[in-house]
Amino acid sequence: MKPVIAAKSFEQLLKALHQLSSKYLVVAPTTEDGVEHYRPITQMSEEQKSQVERLSLRNQPPLGSVKPFLFPDSEIYIEFTKKDGKLDVQTPRASVPQIILGAKPCDVVSLELIDKVFLEDPVDGLYQEKRDNTVLIVNQCDEMGANCRCDDFGVQRSTGSADLLMSKDESSGKILLKAQSEKGNILAEELLKEGMEENPVFREPKVPVKEALESEKIQQAMDDFFESPFWEELAMRCIGCATCTFYCPTCHCYDIRDFQRKEQGARYRTWDSCMFPDYTRMAGGHNPRPTRKDRVQNRFYHKLSYFVKNEGALGCVGCGRCGEKCPVGISMDTVLNRIGGEVNDK
Amino acid sequence: MCKITEELQQIAAELLKEGKVDLVLGYTKGEQEEQSVPCIVTQPEDASKLIFDEYSEKALSKYLLEESFQDKKVAIVLKGCDQRAFKLMQDESRLGREDVYLIGVECPGMKWGEDLSPFCLHCDYRTPAKEDVDSLLTGADIPEAMQGEPLDHEDSFTDINRLEKMSKEERFEFWKRQLNRCKRCYTCRNACPVCTCRVCVFDRENPDYIDRAKDQMAQHQFYHVIRAFHVSDRCVSCGECARVCPEGIPLHLLNQKLLRELDKFYGEYQAGIDEVPTPLSHANADEPDFFGKEGKA
Amino acid sequence: MKIGVFICWCGSNIKNMVDVERVAEATGKMPHVVYTQDVQYLCSEVGQSDIGNAIDEHQLDRVVIGACSPRMHETTFQQLMNRKGLNPYYVEIANIREHCSWVHTDKAKATVKAIDLVKKAVAKSYYAVPLHAESLPVNKRALVIGGGIAGIQAALDIADAGYPVDLLEKESSIGGKMAQFDKTFPTLDCSACILTPKMVEAATHENITLHTYSELEDVSGYVGNFHVTIRKRATSVDEERCTGCGECVTKCPAKVDNEFDQGHSKRKAIYTLFAQAVPNKPVLDRKNCIYFKTGKCGVCKKICPTDAINYEMEDQLIENDYGAIIVATGFELNEPTHLGEYHYGHHPDVITSLELERMLNASGPTQGKMYRPSNGKEPKRIVFIQCAGSRDRHDGNSYCSKVCCLYTAKHTILLNEKFPDTESYVFYIDVRTAGKNYEEFYERARQMGANYLRGHVSKVEPLGDSDNRLLVRGYDGSLGEQTEIEADLVVLATSIEPQQGAKKLAGMLGISSDRNGFYSEAHAKLKPVETQTQGVYLAGVCQGPKDIPEAVSQASGTAAKAIVLFNRGQVKGVPTTAMVDEELCSGCMQCKPVCPYEAISQEMITERAHGKARQRPVASINRALCQGCGACAGLCRSGAMDIGGFTGRQLLAEVDTL
Amino acid sequence: MMQDTFEPKIIAFCCNWCSYAGADLAGTGRLKYPENIRIIRVPCSSRVDSALVLRAFQNGADGVMIAGCHPGDCHYDTGNYHTRKRMMLLKSLMEFMGLDEERLLVKWISGNEADRFKDTVESFTSKLKKMGASGKVRDLRCAK
Amino acid sequence: MRIPQKTAASHQREELADIIRKDVRDCYQCMKCSSGCPFAEEMDYMPHQMMWLTNLGLYEKILNSKSLWICASCLACSSRCPRDIEPAKVMEGFRAMILRERGRTNVSPVIPKGVPRQAVIANMRKFRR
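Listed below in structure tokens is the structure:
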């Protein structure tokens, strides 16, 4: 039996977490100038703190996913300085333990997908360190959000690598937490010390489970669809920005760059986007994906076909962020609806 | 169905049927509620997809520069601001008028969340001039707020005024918070109908004007200052940059600030309406000298 | 890449304040630097051979110098590079003397700065590109626009040097404004007597081709290679056949006001501009010709003994190539009707100085007699009003017309000489007599009786007496009181103004005008006859008010410039010009209006993309015209425009090193 | 205490014909000014674009100076008119973004104004000393 | 003031020229005479104005002026005149013209207090040594 603890209110939970902020970096969803993001609670204004409960328990993920806390948009490998002809190389400080409050199942699955890439040999040290240091407190949605397609991808109740599950008991207003992992257990213990109580019952989410898309079928349909003129049309509509990829919780491409001024500099990695024209450009100038059609296709094929072939799962969790923010309204549905159509037509 | 949509579908169908154009570039209903998205129609029977409404925000003119639109006869739906951008591209030799069939539409003002876009409220060029387009569709359902005279230019700068009243530190904090969210996804650049360089300076590797690191405020500042500068005198005030920014950064303020300074000191200039050269492309002795003895040097 | 760094001691000039060994040592550690040396005097023969030897020994391909200002010895080192077979733009100079050792007092800090400066130069040299000056052949033929004294002088000088010249004049005769004058100050030479020989010389010179009654239609090209179209207006008189006998003029029944005499006489519809006109062949003024107005008449055609009259004659377009263009288009005089207080145009006895000039002229409308236009009587008391429309920001031109002070002095002298019982009163603000013998001339005027009253006239009004005289209300600064003078004649020193078509011509030639509409010289002090457009030079009043000797010497100056150009036979541009990266350039041409030299034009290039050949526009630099200022590069958004020697990459490298 | 030891870094872009010559003349005349300034030679002040200015700030410059010929004296006729237009806009935008626009100095210095050059460097240096190190536009990786 | 139609008769001009042997036409109104004159404040027409009236031929104004008699003949003007006109001499010339003219009665105008009479000074100048 896994321990379930309860806070009297969300406020109490937040306060307890605040108490732990010397040990952990605690991040939670809030809004900043109307945009939803996870932010360290120590840096939040009172106004922002008051948003946390609503966003943590909402049936829809915030715009910014939890990805940047495990795979930041820019991350330094080494820093170097040259002094008196000698090169001094430093590696950045180790990451601190962090708690992510109010993550969604889609976030959890997206991290699991990234795990497949970064934690398999060769292991990405920077990611692994953060992954090991992160405690995810996951709220399971009770219903589908407006742009959510998690049911298609079978992730709406997935809580596999969540450390703690969170739910609100509507009648009492209590916040229930159920530990699922060692890290979760430790945090639960610590929270108990902060005045939370043990609770025997955990409320299960109400969201209906639908049969998910079959990844192999999708992959097959996509492969059959490769030559369709649809891609040309879609590419004509796409404006080539990186919104879809930068807000996607499963996108994990990065570029390694050097920054050097005078006798100092850094080697760092930073998010790249397959939508950028220089994404696959090689040093000699050749680019195997020269046109926007190639790039648009790559994005969808990577998620819906190549990822299945390589990692055995669809590379999308249906969070809907890409479609929500795309300035020209291209979403996963735009493609899924079409390949569905093509498959059926056969 | 509104009158403009109806006429638009008719014209599009005719143009395609008669083979006058290869494709019609317009808007269609998006997948989300209250969303219209760009749409390319190549068959007459698909013309019924086309619509025009208060969500048809995206500036379409820039698509014409894309590789996939080359060597094709294109008919394009243009609002006033979009037509200005088109005119600028034409003036800057980016495309020829004769290659494109322009369907001008009377713009009822675009939505900005629940309200009307502040850009549209002060726009005095909602509808392209008849002589500038091949067909002009009017009869839009103009909301009450848009019916009177457009807001004074100065009134449209309220946000700038608010910022200018702040102390310098407050302003710095404001922009720091905003730019901190920037991910350099380049949506603002890619959506902007006057950002039309063949190769953007930010995409250049040698010299590398900008560093890709996203954790450096200085690089964000660099990007946003330079972007605003490159757009400044050529901005057509469509508001796309601010609308498309996924992080809700009020980028248009930077453009408008520069526009206002230009207007104030060098006379009003409206890109895509007034003749080129744009204000930054010429300078003369009679202009104010800010760096002389008495200036704000 | 092999870079050699050389640090100059400049004797003790640098060495005393900068630790040159340390500078050499520090920069020696930079990538690609294979050799460093500090030398006592780099500019000396020893220093030069040190560098030369090092280049040979270490196969250096780039040289960085830490020494005095590049404005001092850049060419010295560039020549050395040339001798060594290296491109002169592979040398980079760090200014560690003027900008460092000479201006600082702390040796440690100065040394750190010197290291920075040399490192900056090394960094810049990494990205140095070899540059070459473009040279183009010169078409050794000149076009002079304007057949006034300046134009004539310029044409004669160039022609005398042995180069062909075309002299363009819009009127039917050359001579310009000077032909209208009576005498010239300060010598009181007869204007015509000194001008007409020059006119004849110009007309008969074997190297000069006259194009009278002609205007500039179009100009293209650039220094050494201008392509010009001239429109020769139809004179209706066949030049070949006409003998200039003047029968037609005598018999022509149509009379109109003679502009040459400022309307104080009449001329015929077929006329020569003035008696000594060159060429002395009449032209037919179609606007006033009875035949052209009504289709009847034809007297001239009937009377002409050589059948030279041709009513069907059409404008001719003449195209020619020139190497240099001299602009000597002169000026116009302001019609002071807008200055209501002077009553000009309302009272016939208020006249302009040029009208007076014509009256005084023995070959003028009155054969040199003075008269009051109102009643024909001789004026006894004449009031001159200076700065009528000049130095007047409110209702005229803000500048000084420069010659009025002197010609008014001349008028009072002539009046006093010819008509000793006339009184002259001159209302002035300042009398400006800068020029050789001008002060003496002015003195002479005063001495001979001209009364100079310091103060501007506020009003001229009819006195209402039987003689219809005028009352001039002014102020006498000397006495400090308002002063009124009853005058028979009031003469206004009207303002000199640019020609009406000056702006249009400027547009054709790509030269700029100042705020007053006069053409701008390239540099106010050191390039007074050149313009921003290479190969276009300015002579005479079109550049700003000036008197005859100034106009003539300026004309000779332009001739010298043209002759220098022709003698050299080719134009060599600066090597550090703008360069366009066609891959990046979108041909938007925003840079074009920025260029002060019109060196940027649009060009179509063919590009193969996605299997198709496609034309697209790009900006193109005429390297013969470009002077390398970089204003275009500072504007270019995509960075397609760059400046040789100061590329964006180089400047960034410098900034990054500091 | 900090103010006494803080030495600002100034990057100056001087046009070849006037301001660079003015700086040369200051040297020839043995005028003395602080060591903080590093001069980059440009053909004309209009060659300098905002990217260069911002890059200098990023790299840790505490002040950037752009010096050109006096209006009307430009060697290239109109270059400095462009400079003043562009730099006015850049300064306004910097000010609008809360950046220290006063760290960007635009000055007209002719080839014979050695004193003016010296005075400008002196006053700019002491002003920057008072302001302290620039932090708002600096890339933190250039902090050392 | 309206400049009268008839100004000084040529015989008057000649008379003056005869006495002073100077050409007042040389005067270009630099006003140095007035700027150095110790009695300029007391005068109704200052020295430069006297020169000017001479040139305009307005002799009546000169002959009736107080200035003629306030002038102390200190010769400051004469010693400084850049045109060597010697205004003091011109003044003296006018005084002489008055004195020569018979029946001229206004020779003794009212002299302000504290200002020495011209005649006294002239006398001292003539006979002091």
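Residue numbers (the numbering used here), protein chains in the order written: chain Y, 1 to 346; chain D, 1001 to 1297; chain S, 2001 to 2658; chain G, 3001 to 3144; chain C, 4001 to 4129. Ideal Cβ placement from N, Cα and C applies to all residues, glycine included.
_For Cys-3142(G), would you say it is in contact with chain Y, using Cβ-to-Cβ distances shorter than 9 Å as the test?_
Residue 3142(G) sits at position 142 when you count from the first residue of the fourth sequence. Judged by the 9 Å Cβ criterion, Cys-3142(G) is in contact with chain Y.
With three or more C-beta pairs closer than 8 Å as the rule, is the stretch 2552-2572 of chain S touching the stretch 2526-2540 of chain S?
yes
Subject >> Span separating the alpha-carbon of Ile-1004(D) from that of Gly-1104(D) >> reply: Locating residue 1004(D) in the second sequence gives position 4, where the first residue counts as 1. Locating residue 1104(D) in the second sequence gives position 104, where the first residue counts as 1. So the two alpha carbons sit approximately 10 Å from each other.
Query raised in the report: How long is the line joining the alpha carbons of Pro-354(Y) and Glu-1054(D), rounded to whole angstroms?
Result: The requested residue 354(Y) does not occur in the structure, where chain Y is confined to residues 1 to 346.
Buried or exposed (CB count within 10 angstroms, at least 16 for buried), Gly-2345(S) | Against the third sequence, residue 2345(S) aligns to sequence position 345. So Gly-2345(S) counts as exposed.
Quiz prompt | Chain-ordered chain D contacts of Arg-237(Y) [CB-CB under 9 Å] | solution = For the purposes of this step, residue 237(Y) is identified with residue 237 of the first sequence, where counting begins at 1. Within 9 Å Cβ-Cβ: Val-1037, Pro-1038, Cys-1039, Ile-1040 and Tyr-1063.
Does Glu-2057(S) pass the burial test, meaning 16 or more other C-beta atoms within 10 Å, or should it be called exposed? Residue 2057(S) sits at position 57 when you count from the first residue of the third sequence. Under this definition Glu-2057(S) is an exposed residue.
*For Gly-3132(G) and chain D, any beta-carbon pair shorter than 9 Å?*
Here residue 3132(G) refers to the residue found at position 132 of the fourth sequence. False, the Cβ-Cβ gap to chain D never drops below 9 Å.
>> Please tell me whether Val-35(Y) and Arg-1171(D) are closer than 9 Å, where the distance is taken between their beta carbons.
In response: One-based indexing of the first sequence puts residue 35(Y) at position 35. One-based indexing of the second sequence puts residue 1171(D) at position 171. No. Outside cutoff.
*Closer than 8 Å by beta-carbon distance: list the chain D residues that pair up with Pro-2197(S), in chain order.*
For the purposes of this step, residue 2197(S) is identified with residue 197 of the third sequence, where counting begins at 1. Under the 8 Å cutoff, chain D gives no residues; its nearest Cβ is about 42 Å from Pro-2197(S).
- Message: Assuming His-2338(S) is part of the beta strand (DSSP E), what are its boundary residues?
- Response: Looking up residue 2338(S) in the third sequence gives position 338. Per DSSP, His-2338(S) belongs to no beta strand (DSSP E) and is neither H nor E.
> Can you tell me whether Val-89(Y) is buried or exposed, with buried defined as 16 or more other CB within 10 angstroms of its CB?
Replying inline: Looking up residue 89(Y) in the first sequence gives position 89. Its Cβ having fewer than 16 others within 10 Å, Val-89(Y) is exposed.
- Query: Using a C-beta to C-beta distance shorter than 8 Å, which residues of chain C count as neighbours of Leu-2479(S)?
  - Reply: If you number the third sequence from 1, residue 2479(S) lands on position 479. Under the 8 Å cutoff, chain C gives Met-4001, Tyr-4045, Gln-4049, Trp-4052 and Leu-4053.
Quiz item: Out of curiosity, what's the CA-to-CA distance linking Ala-1013(D) and Asp-1046(D)?
Solution: For the purposes of this step, residue 1013(D) is identified with residue 13 of the second sequence, where counting begins at 1. For the purposes of this step, residue 1046(D) is identified with residue 46 of the second sequence, where counting begins at 1. Computed Cα separation, rounded: 8 Å.
Counting only beta-carbon separations shorter than 9 Å, does Pro-72(Y) have a partner in chain D?
As a working mapping, residue 72(Y) is identified with position 72 in the first sequence. It does: the Cβ of Pro-72(Y) has a partner Cβ on chain D nearer than 9 Å.
For Arg-2473(S), name the three-state secondary structure that DSSP assigns. Looking up residue 2473(S) in the third sequence gives position 473. DSSP places Arg-2473(S) in strand when its eight states are reduced to three.
Can at least three beta-carbon pairs, one atom from the stretch 2109-2129 of chain S and one from the stretch 2184-2200 of chain S, be found at a separation below 8 Å?
-> no
Checklist entry - Do Cys-1200(D) and Glu-1240(D) have their C-beta atoms within less than 9 Å of each other? => result Along the second sequence, one-based indexing puts residue 1200(D) at 200. Along the second sequence, one-based indexing puts residue 1240(D) at 240. The answer is no: Cβ separation not under 9 Å.
CA nearest to the CA of Gly-2340(S), picked from Ala-2640(S), Gly-2648(S), His-2394(S) and Asn-2053(S) | Within the third sequence, the letter at position 340 stands for residue 2340(S). Nearest C-alpha to Gly-2340(S): His-2394(S).
Practice task
Measure how close the beta-carbons of Ala-188(Y) and Leu-177(Y) come, nearest whole angstrom, since I'm counting them as under 8 Å.
Solution key: As a first step, residue 188(Y) is located in the first sequence; it is residue number 188 there, counting from the start. As a first step, residue 177(Y) is located in the first sequence; it is residue number 177 there, counting from the start. Ala-188(Y) to Leu-177(Y), Cβ: 7 Å. Contact.
### Task
Grab the span of the alpha helix (DSSP H) containing Gln-1270(D) for me, first residue to last.
Within the second sequence, the letter at position 270 stands for residue 1270(D). Here Gln-1270(D) belongs to no alpha helix (DSSP H), and DSSP marks it neither H nor E.
**Asked** To the nearest whole angstrom, what separates the beta carbons of Tyr-2399(S) and Val-2431(S), a pair I think is in contact under 8 Å?
**Response** Taking the first residue of the third sequence as position 1, residue 2399(S) is located at position 399. Taking the first residue of the third sequence as position 1, residue 2431(S) is located at position 431. In fact, because the Cβ distance is near 17 Å, the residues do not count as touching under 8 Å.
**Prompt:** Would DSSP call Arg-4013(C) helix, strand or coil?
**Reply:** Taking the first residue of the fifth sequence as position 1, residue 4013(C) is located at position 13. Helix, per DSSP.
What separation, rounded to the nearest whole angstrom, lies between the Cα atoms of Glu-342(Y) and Pro-229(Y)? For the purposes of this step, residue 342(Y) is taken as the residue at position 342 of the first sequence. For the purposes of this step, residue 229(Y) is taken as the residue at position 229 of the first sequence. In this prediction, Glu-342(Y) has a pLDDT of 44, which is less than 50 and means its spatial position is unreliable; what the coordinates show is noted afterwards. Those two C-alpha atoms are separated by around 12 Å.
* Let me know the secondary structure DSSP gives Glu-2461(S) once reduced to three states. => Stepping through the third sequence from its first residue, residue 2461(S) is reached at position 461. Note: Glu-2461(S) maps to strand in three-state DSSP.
With 16 other Cβ atoms within 10 Å as the buried cut-off, status of Ala-4009(C) = By one-based count along the fifth sequence, residue 4009(C) stands at place 9. With fewer than 16 other Cβ atoms within 10 Å, it is exposed.
- Are the Cβ atoms of Phe-2441(S) and Phe-2181(S) separated by less than 9 Å? As a first step, residue 2441(S) must be located in the third sequence, where it is residue number 441. As a first step, residue 2181(S) must be located in the third sequence, where it is residue number 181. Not in contact: Phe-2441(S) and Phe-2181(S) (Cβ atoms no closer than 9 Å).
(message) Does any residue of chain G have a CB that is nearer than 9 Å to the CB of His-1122(D)?
(response) Residue mapping note: residue 1122(D) aligns to position 122 of the second sequence, counting from 1. False, the Cβ-Cβ gap to chain G never drops below 9 Å.
Margin query: Cβ closer than 8 Å: which chain D residues qualify as neighbours of Lys-2527(S)?
Written below: Within the third sequence, numbered from 1, the residue matching residue 2527(S) stands at position 527. Correct list: empty, because the minimum Cβ distance to chain D is about 17 Å.
Just to check my reading of the structure: Ile-4019(C) and Phe-4039(C) have Cβ atoms closer than 8 Å, yes? What is that Cβ distance to the nearest angstrom? In the fifth sequence, residue 4019(C) corresponds to position 19, counting from 1. In the fifth sequence, residue 4039(C) corresponds to position 39, counting from 1. Rounded, the Cβ-Cβ distance is 22 Å, inconsistent with contact.
Please say whether Val-108(Y) and Leu-136(Y) have beta carbons closer to each other than 9 Å? The count along the first sequence starts at 1 and reaches residue 136(Y) at position 136. The count along the first sequence starts at 1 and reaches residue 108(Y) at position 108. Result yes, Cβ atoms of Leu-136(Y) and Val-108(Y) sit closer than 9 Å.
Quiz item: Can you tell which of Val-3048(G), Lys-3136(G) and Phe-3057(G) has the C-alpha that lies nearest to the C-alpha of Leu-2651(S)?
Solution: Taking the third sequence and counting its residues from 1, one reaches residue 2651(S) at position 651. Nearest option by C-alpha distance: Val-3048(G).
Next item on the list: Could you name each continuous beta strand (DSSP E) segment of 3 residues or more that falls completely within the stretch 1097-1126 of chain D, going from the start of the chain to the end?
Entry: 1100-1105
**Asked** Can you name the start and end residues of the alpha helix (DSSP H) that Ala-1013(D) belongs to?
**Response** Position 13 of the second sequence, counted from the start, is the residue given in the question as residue 1013(D). It spans 1003-1017 - the alpha helix (DSSP H) in which Ala-1013(D) sits, taken as one unbroken run.
Check your understanding: Which runs of the beta strand (DSSP E) spanning at least 3 residues fall entirely within the stretch 1124-1171 of chain D, listed in chain order?
Key -> 1135-1137
Identify, in the order they occur along the chain, each residue of the same chain with its Cβ nearer than 6 Å to the Cβ of Ser-2265(S), setting aside the five sequence neighbours on each side. Here residue 2265(S) refers to the residue found at position 265 when the third sequence is read from its first residue. Asn-2258 and Pro-2365.
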